[in-house]
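For what it's worth, the numbering used here labels the leading residue of the sequence shown as 69, then goes sequentially.
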Amino acid sequence: MDRHWYIAQLKPNGLRLARQNLGRQGFDVFCPLQELTRTLRNKPQRVQTPLFPGYFFVSLARGDWRAVNNTRGVSRLVALDEAGPRPVPGALIEALRDRCDEEGVIRPAAAPEAFEIGERVEVTHGPLAGFVSRVEALAPEQRIWVLLELMGRETRVMLRPEDLRRAG
């Protein structure tokens, strides 16, 4: 039988248990992770969390879905209608896997340009596209404060670095 990927919903804190039990039954499990910086005990720490909290992908033959639904740690396979669970396009799984390292952590996309305070930048996306401004401050969570001249006065606006480029 052909195997396809499906989305499974986890029971609370059930990822480790579901992974172990499904692995024992011979199912392939894929749970892409992301690496975030969190403050723990007043220090920034890198932590890995699921990219889709509460969900993961499981590869199975169409007739095996009841075994997955009855696995400890799994709440249910996600179904769009009464016909049962629908497979996820294989291209989506491959695209996600291509972006993951060997531990299943999504590698970040190319880093946005680094800007310096006082640098002239142009807004490239959104309702302010085309405006030229000056970087005022670098904010946490990869945000940048810029000063835009709007209606004859400077206005402070927070933007994402990917929405900016160096002004020519």
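C-beta: ideal position from N, C-alpha, C; glycine also. Since the model is a prediction, treat every value here as computed from it, not as a measurement.
{"Asked": "Can you round the beta-carbon distance between Trp73 and Gly158 to whole angstroms, since I take them to be within the 8 angstroms contact cut?", "Found": "6 angstroms"}
{"Asked": "Could you check the C-alpha separation between Ile185 and Asn81 for me, to the nearest Å?", "Found": "43 angstroms"}
{"Asked": "Can you give the Cα-Cα distance for Arg154 and Asp70, rounded to whole angstroms?", "Found": "14 angstroms"}
{"Asked": "Which residues share a DSSP beta bridge with Glu217?", "Found": "Glu222"}
{"Asked": "Got a sec? Which residues, its chain only, sit under 6 angstroms from Glu187 by beta carbon, not counting five neighbours each side?", "Found": "Val203"}
{"Asked": "So is Arg202 in contact with chain D if we call contact Cβ pairs under 7 angstroms?", "Found": "Absence of chain D from the displayed structure is noted, only one protein chain being present."}
{"Asked": "Do Val146 and Val136 have their CB atoms nearer than 7 angstroms?", "Found": "no"}
{"Asked": "In or out: Thr139 buried (at least 16 other Cβ within 10 Å) or exposed?", "Found": "buried"}
{"Asked": "Give me the Cα-Cα distance between Ala86 and Val142, rounded to the nearest whole angstrom.", "Found": "6 angstroms"}
{"Asked": "List the residues that DSSP assigns as beta-bridge partners of Gln102.", "Found": "Thr117"}
{"Asked": "I believe Leu215 touches Leu196 by the beta-carbon criterion, under 8 angstroms. Please report the beta-carbon distance rounded to the nearest angstrom.", "Found": "About 12 angstroms; that fails the 8 angstroms criterion."}
{"Asked": "For Gln93, which option in Pro121, Gln116, Arg109 and Asp132 has the closest C-alpha, if you only look at C-alpha atoms?", "Found": "Asp132"}
{"Asked": "Using the three-state DSSP reduction, which class does Ile75 fall into: helix, strand or coil?", "Found": "strand"}
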